[in-house]
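Take 919 as the starting number for the sequence shown in this note's numbering and just add one per residue. For glycine and all other residues, C-beta sits at the position ideal for the given N, C-alpha and C. As the structure is a prediction and not an experimental result, all values here were calculated from the model. Heads up, the thing below is written out as structure tokens.
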Amino acid sequence: MNILSIVILLIVLLFMVRGYRKGLVQMVASMTTLILAIFLVSIATPHISNVLKTRTPVYNMIEEKCEDLIKSGTDQISSKIEESEWIENLKVPGFLQEMIKENNNTVSYEKMNVDSFGEYISHFLATMILNVVSYIITFIAALILIKVIAGALGLLTHLPVIHSMNRILGAVMGLIQSLLLIWLFLLAVTLFGNTEWGDYIMKMINDSSVLTALYDANIYIGIFDNIMKFFV
């Protein structure tokens, strides 16, 4: 068991204890709002990304950084075979590699208003990073809403009928909530797998069968995949 496995286990236990102490009603309120938040995030993220892209300098700053990072690696590429090989060596999740390959054509270049392979990659990576930022902003806003609603409904835990099973079922809800937050962390690790810390954490995930199973079951990957398709 590596250190990441221990940290993940501690997070799960912490949320279960938290759920036990808070009880079922508050945890159900949190879970209901959290699930609703995930749904709302998948809808709101494209719009927030669009606002950040068109009304703030955030996107241009990110794209410039991406251009600086990949320019030297793409300048000498002169064929589709070399482009495919470069994409395969890019340290991003497999589903993103496939998406980059699928959209590496003249139609997408026109849509994105780019003229070269390097510009296309910069645009794609900048869009991905912008979407991650938008996703996190929206999710944090939703978590604040969770706390407000859960706190308001906490008074119901004093009802005698609810009190008997309140703590045990609250622990179960805490377990589910911890998984949703762990998957969010694993999504961030996936998207930043080409960084030093991302690569280090991915190695720890691959070394643990439990972490690998959690990683493979990540529900956020599908949501993020759909968000990316909105822009490319």
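Nearest-angstrom Cβ-Cβ length linking residue i and residue j, presumed shorter than 8 angstroms
i: M1046; j: L1109; result: 7 angstroms
i: E926; j: L1099; result: Per the sequence presented here, residue 926 reads as Ile, with Glu not at that position. Between L1099 and I926 the Cβ distance is about 10 angstroms, and since that is not below 8 angstroms, they are no contact.
i: Y938; j: A1059; result: So it is not a contact: roughly 27 angstroms between Cβ atoms.
i: K1009; j: G1111; result: 5 angstroms
Contacts around residue i, its chain only, beta-carbon distance under 7 angstroms, and the 5 residues preceding and following it disregarded
i: W1101; result: N1136, I1137 and Y1138
i: K1019; result: S1002 and I1005
i: T1056; result: V959, A962, T963 and I966
i: F933; result: G1092, L1093, Q1095 and S1096
i: L1105; result: N1136, Y1138, I1139 and F1142
i: C984; result: S1040, L1043 and A1044
i: K940; result: G1088
i: I995; result: E1001, W1004 and F1035
i: Q1015; result: I1005, E1006 and L1008
i: V930; result: L1093 and S1096
i: N920; result: M1122, D1125 and S1126
Limits of the unbroken alpha helix (DSSP H) element including residue i
i: S1002; result: K998 to N1007
i: F933; result: I921 to K940
i: N1124; result: E1114 to N1124
i: Q1015; result: G1012 to E1020
i: S1127; result: S1127 to D1134
i: T1024; result: T1024 to M1030
Sequence-distant residues of the same chain with beta carbon closer than 6 angstroms to residue i, five excluded per side
i: V1032; result: Y1038 and H1041
i: I999; result: none
i: A955; result: A1060
i: V875; result: Residue numbering for the chain in the displayed model covers 919 to 1150; residue 875 lies beyond these limits and cannot be assessed.
Same chain, Cβ closer than 8 angstroms to residue i, neighbours up to 5 away in sequence not counted
i: L1048; result: S967, L970, K971, V976, Y977 and I980
i: I1119; result: L922 and V1107
i: R936; result: G1092
i: S949; result: The displayed chain sequence assigns Met, not Ser, to residue 949. Cβ within range, chain order: M1091, I1094 and Q1095.
i: F1103; result: none
i: P1011; result: T1108, L1109, G1111 and I1139
Could you tell me whether the stretch 1120-1127 touches the stretch 1045-1064, where touching means 3 or more Cβ pairs closer than 8 angstroms? no
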